[in-house]
Amino acid sequence: MGGFLVGTLVMLAIRRQSEPSSAPDAPPEDTLSPGVASLLAVLPSSAVVLDREDRVLRASSAARAYGLVRGDNLISAELLALARKVRRDGEIREGEIETSGRKFGQESTSFAVRVAPLGSNGQVLVLAEDQTDRLRVEAVRRDFVANVSHELKTPVGALSLLAETIQDAADDPEAVTRFAGRMQHEAARLTYLIQDLITLSRIQGAEEIPTPEPVPVDEAVHEAIDRCSTKAASKDITLVAGGTGGLNIWGDDELLVTALRNLIDNAVAYSPEHTRVVVSARPAGDSVEISVSDQGIGIPENAQERIFERFFRVDAARSRSTGGTGLGLAIVKHVAVAHGGEVSVWSKEGSGSTFTLRLPAFGGVAVATPRTTSTPLEAAT
Ligand code: ADP
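Taking the numbering used here as reference, the numbering of the sequence shown is continuous, increasing by one, and the terminal residue is 369.
The structure is reproduced here in structure tokens:
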């Protein structure tokens, strides 16, 4: 929108220049005064000047790239109608238009436009600002807020119902105990959701890690395994750390543990009892690859692209029953991006899944450094 502000200032300047007092110096009707031409050249937005016959007298390269202008014609009929109105009554007008012009693969482009008279010889200036990205971001934000509200409403609704039920069952201690347990479960779900939302907004806020440091991968893996061990033990799932020891990434240890914990948590949640989850690190050029493999239910191929979206779940009921918030993989993806790395998935339904984090190695090349303490590589619960 900064460009639009510049546009407004330019319009004021142009207006002043073309007021009646300066009429004797006005340029011929089919040319632009040099001042206006150089002003248009520095404008970031698409700018078009039409002559009194609606022919394009000047168009910035952006206006042509967006397909607003072809040859000496303004393509949008809507914009042309606006320009004619402005020429008739001399009033500056603003509006929004949508064009099918393709730029950088966009299907259609939404513009905020501002149209003003340019001098007294029927010329009209059209400024158009691409607002497709802004509208998309707004739509994503609206969606997110709607999703969060929905996700919060479910446990809060359950808590309220359970509280009522407990009130009615006041003289049945067994029922009170049972419902109180379910209240605890719903409260825990609410806590996880809020924690994940805080983590997500914290990582999304930072485009990149503010103070990267060398992070020993073994320590992060062991810490993440530690935090998931109770849940794994309850399903008799063995957690194993393996691969190359002594690797270091360049980043943030807390974020790395958060990402690994989410991946291991999922591996446990979506695996049957008595299986194994393996966390393995290996050098890969200037990066370190850390993978988490399970022998679980796997992910259908058509869902694999979407699982990193916020609140996307293959099976919503299953995710809820395991305490999932639908935000775990979105957090993992943001951690990877914040490190300048990436996360990928391989999965086969019924066989299992492997998630691989690829993160920059400390020092620009992945080498195993001897450890000062003897951390065991195999850690089974
Ligand atoms: P959730 O809190 O629901 O687990 P995530 O963002 O962590 O949310 O994961 C999104 C969805 O991806 C899950 O609901 C699940 O359907 C699928 N998923 C993630 N990890 C695995 C896995 N290791 N095995 C099978 N499905 C998985």
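Every residue, glycine too, gets a C-beta built ideally from N, C-alpha and C.
Classification of residue i by the beta-carbon crowding that lies within 10 angstroms, buried from 16 upward
i: His327; result: buried
i: Arg177; result: buried
i: Asp282; result: buried
i: Ile225; result: buried
i: Glu139; result: buried
i: Leu123; result: exposed
i: Pro387; result: In this structure the chain extends from -11 to 369, so residue 387 is not present and cannot be described.
i: Ala134; result: exposed
i: Glu117; result: buried
i: Ser279; result: buried
i: Val44; result: buried
i: Arg298; result: buried
i: Thr357; result: exposed
i: Ile186; result: exposed
i: Lys321; result: buried
i: Val125; result: exposed
i: Ile295; result: buried
i: Ser21; result: buried
i: Asn236; result: buried
i: Asp131; result: exposed
i: Gln111; result: buried
i: Ala354; result: buried
i: Val276; result: buried
i: Asp240; result: buried
i: Arg76; result: exposed
i: Thr313; result: buried
i: Asp60; result: exposed
i: Gly231; result: buried
i: Ser26; result: exposed
Segment limits, beta strand (DSSP E) that includes residue i
i: Asp77; result: Note, Asp77: premise wrong, no beta strand (DSSP E); alpha helix (DSSP H) at 65 to 77.
i: Ser279; result: 275 to 281
i: Thr87; result: 81 to 87
i: Arg306; result: Segment 304 to 309 is the alpha helix (DSSP H) holding Arg306; no beta strand (DSSP E) there.
DSSP-derived helix/strand/coil call for residue i
i: Phe350; result: helix
i: Phe167; result: helix
i: Val112; result: strand
i: Ala29; result: helix
i: Pro22; result: helix
i: Ile316; result: The question names Ile, but residue 316 is Gly in the sequence shown. Gly316: helix per DSSP, three-state reduction.
i: Thr232; result: coil
i: Gly193; result: helix
i: Thr218; result: helix
i: Asp184; result: helix
i: Leu227; result: strand
i: Arg249; result: helix
i: Leu374; result: Residue 374 lies beyond the stretch modelled for the chain, which goes from -11 to 369, so this question has no answer here.
i: Val266; result: strand
i: Val323; result: helix
i: Val380; result: Nothing about residue 380 can be read from this structure; the chain reaches only from -11 to 369.
i: Gln172; result: helix
i: Ile285; result: coil
i: Ile295; result: coil
i: Arg177; result: helix
i: Pro161; result: helix
DSSP bridge partner residues for residue i (one or two, in chain order)
i: Ile237; result: Val203, Ala349
i: Leu106; result: Gln111
i: Gly37; result: Note on residue identity: the sequence assigns Val, not Gly, to residue 37. BP columns for Val37 point to Arg46, Leu113.
i: Pro271; result: Val276
i: Glu330; result: Arg346
i: Gly340; result: Lys336
i: Ala100; result: Glu84, Glu117
i: Val57; result: Leu62
Start-to-end residues for the alpha helix (DSSP H) that takes in residue i
i: Ser49; result: 49 to 53
i: Ser259; result: From DSSP, Ser259 is part of no alpha helix (DSSP H); its letter is neither H nor E.
i: Gln155; result: 120 to 156
heavy atom of the ligand NAD below 7 Å from residue i C-beta
i: Val302; result: Of the ligands one can find in the structure shown, namely the ligand ADP, none is the ligand NAD.
Exercise. Using 8 Å as the Cβ pair cut-off and three pairs as the minimum, do the region 216 to 224 and the region 328 to 346 touch?
Worked result: no
Exercise. Touch check for the region 61 to 74 and the region 141 to 160: three-plus C-beta pairs under 8 Å?
Worked result: no
For this session: Decide if the region 30 to 37 is in contact with the region 72 to 79; the criterion is three or more beta carbon pairs, one per stretch, under 8 Å apart.
Result: no
Exercise. Between the region 248 to 256 and the region 304 to 318, do at least 3 Cβ pairs fall closer than 8 Å?
Worked result: yes
For this session: Spell out a yes or no on whether the region 186 to 200 and the region 330 to 337 are touching, meaning 3 or more CB-CB pairs, one atom from each, closer than 8 Å.
Result: no
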